[in-house]
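**Q**
Residue numbers (full-length UniProt numbering): 1 to 300.
#1: Under 8 Å, do residue 242 and residue 197 count as touching if we go by C-beta distance?
#2: Is residue 277 helix, strand or coil when you go by DSSP?
#3: How would you write the range of the alpha helix (DSSP H) that residue 233 sits in, first residue to last?
#4: Could you spell out where the beta strand (DSSP E) holding residue 22 opens and where it closes?
#5: For residue 168, tell me which candidate among 132, 229, 251 has the shortest Cα-Cα distance.
#6: Look at the Cβ atom of residue 257, then the Cβ atom of residue 248, and state whether they are nearer than 8 Å.
#7: Grab the span of the beta strand (DSSP E) containing residue 289 for me, first residue to last.
#8: Just mark residue 45 as buried or exposed, buried being the case when its beta carbon has 16 or more other beta carbons within 10 Å.
#9: Leaving out the 5 sequence neighbours to the left and right, which residues in its chain are closer than 6 Å to residue 28 when beta-carbon positions are compared?
#10: With distances taken from CA atoms, which of 288, 269, 268, 253 is nearest residue 10?
#11: Got a sec? Which residues, its chain only, sit under 6 Å from residue 73 by beta carbon, not counting five neighbours each side?
#12: Measuring only the C-alpha atoms, how far is residue 195 from residue 80?
#13: When we look at the beta-carbon of residue 176 and count the other beta-carbons within 10 Å, is it buried (16 or more) or exposed?
#14: Per the DSSP calculation, residue 215 is bridged to which residue(s)?
#15: Under a three-way DSSP split, which group does residue 68 fall into?
#16: May I ask you to verify whether the region 101 to 121 touches the region 156 to 166, counting CB pairs closer than 8 Å and requiring at least 3?
#17: Taking the straight line between their C-alpha atoms, what separation do you get for residue 232 and residue 98?
#18: Where does residue 37 land, buried or exposed, given buried means 16+ other C-beta within 10 angstroms?
Here is the structure:
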C-alpha cells in the first residue's frame, strides 16, 4: 500500500499548484493506492493572507465558494477514479479563534465527509507557519520566547482535540518550523518541562479517543532534520499504543510522496514497524495496517 492522508491542489488552495484531477492522476501514476483530499476550510476575510486578496482564485468568488466547488469536484473524482485509487473526501481544519468551532460544525452539518485532519496553523490568531513577522507576533503574544509560544501552540491544539476529536492529527509539532535555528531540530524533551508535559498530555487525549497521528514528510522538504512529529514524540506515542499514518502534505503533483523514503527511515529509527491507512466502508472509516517495508516497496 502507498498512501497520503494530507493533500492540497492549486485549484482550491491559494498556496498550491495543479488541478485536483491532476493530483489524482499523478497519484495513480506513482502507484498510490489511497489518497485523502484535505483542502483547507474557508477562513474568515479577516484571516486572509496578504497575497490572497489579489489571488486569481478569489477574483470572482469567496473562500467559501471555492470550498463548495472543491466538495463537488472531489465527489466527482471520487466516483470517476474509484476503480484505480481509493479516494477519501476530507478537509483540514483552521483553529484561529473560538468561532472556528462553529465554522467547522457548519461544514460538517452541510456535507458528509469521510475524514478530516485536525491541524493548528495559528496561535493567538497569528499564523505560525507563514512568515517570520507573523511568527514573531505570535511569539510576543505568548510571552516572548519560543518555549512560551510552543506551550501556547500545544494548548491551542488541546482545545481543538477536545472539541473535534479529529480522526487524524496534522503535523503535530508544526510550531518548530519557524522557531529560532537552534530550536527547530531540538529534542522536545530538552525544552522546558511545560512544553514536554503538554506534548504528552495531548498525545494522551488523542489516544483516548482513538485518533491517528500523521507522519508528515513536508518537514523534510522544508529543511527540518526530522518529520512531524519528531522521533521522541513518535517513540512515546508508540509506547502508548498509538497509530501513525503517512502523509506528504503535498501542494501539487510534484510533491506527491516527496521524501517518503527518508520519512520511513525516521519512522524506523523510532522503532515503529507499521503504518496505518484509512478506507471508507459501510460501517464508516476503517483503519488497516501496512508494514513499513510494504510501503517502501511501492515507492517509484
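We put the beta carbon where it would ideally sit given N, CA and C, even for glycine.
All values derive from a computational prediction rather than experimental measurement.
**A** Quick look at the numbers:
#1: no
#2: strand
#3: 231 to 239
#4: Taken as a continuous stretch (DSSP letters only), residue 22 belongs to no beta strand (DSSP E), being part of the alpha helix (DSSP H) at 20 to 29.
#5: 229
#6: yes
#7: 284 to 291
#8: exposed
#9: 84, 85
#10: 253
#11: 20
#12: 46 Å
#13: buried
#14: 246
#15: helix
#16: yes
#17: 31 Å
#18: buried
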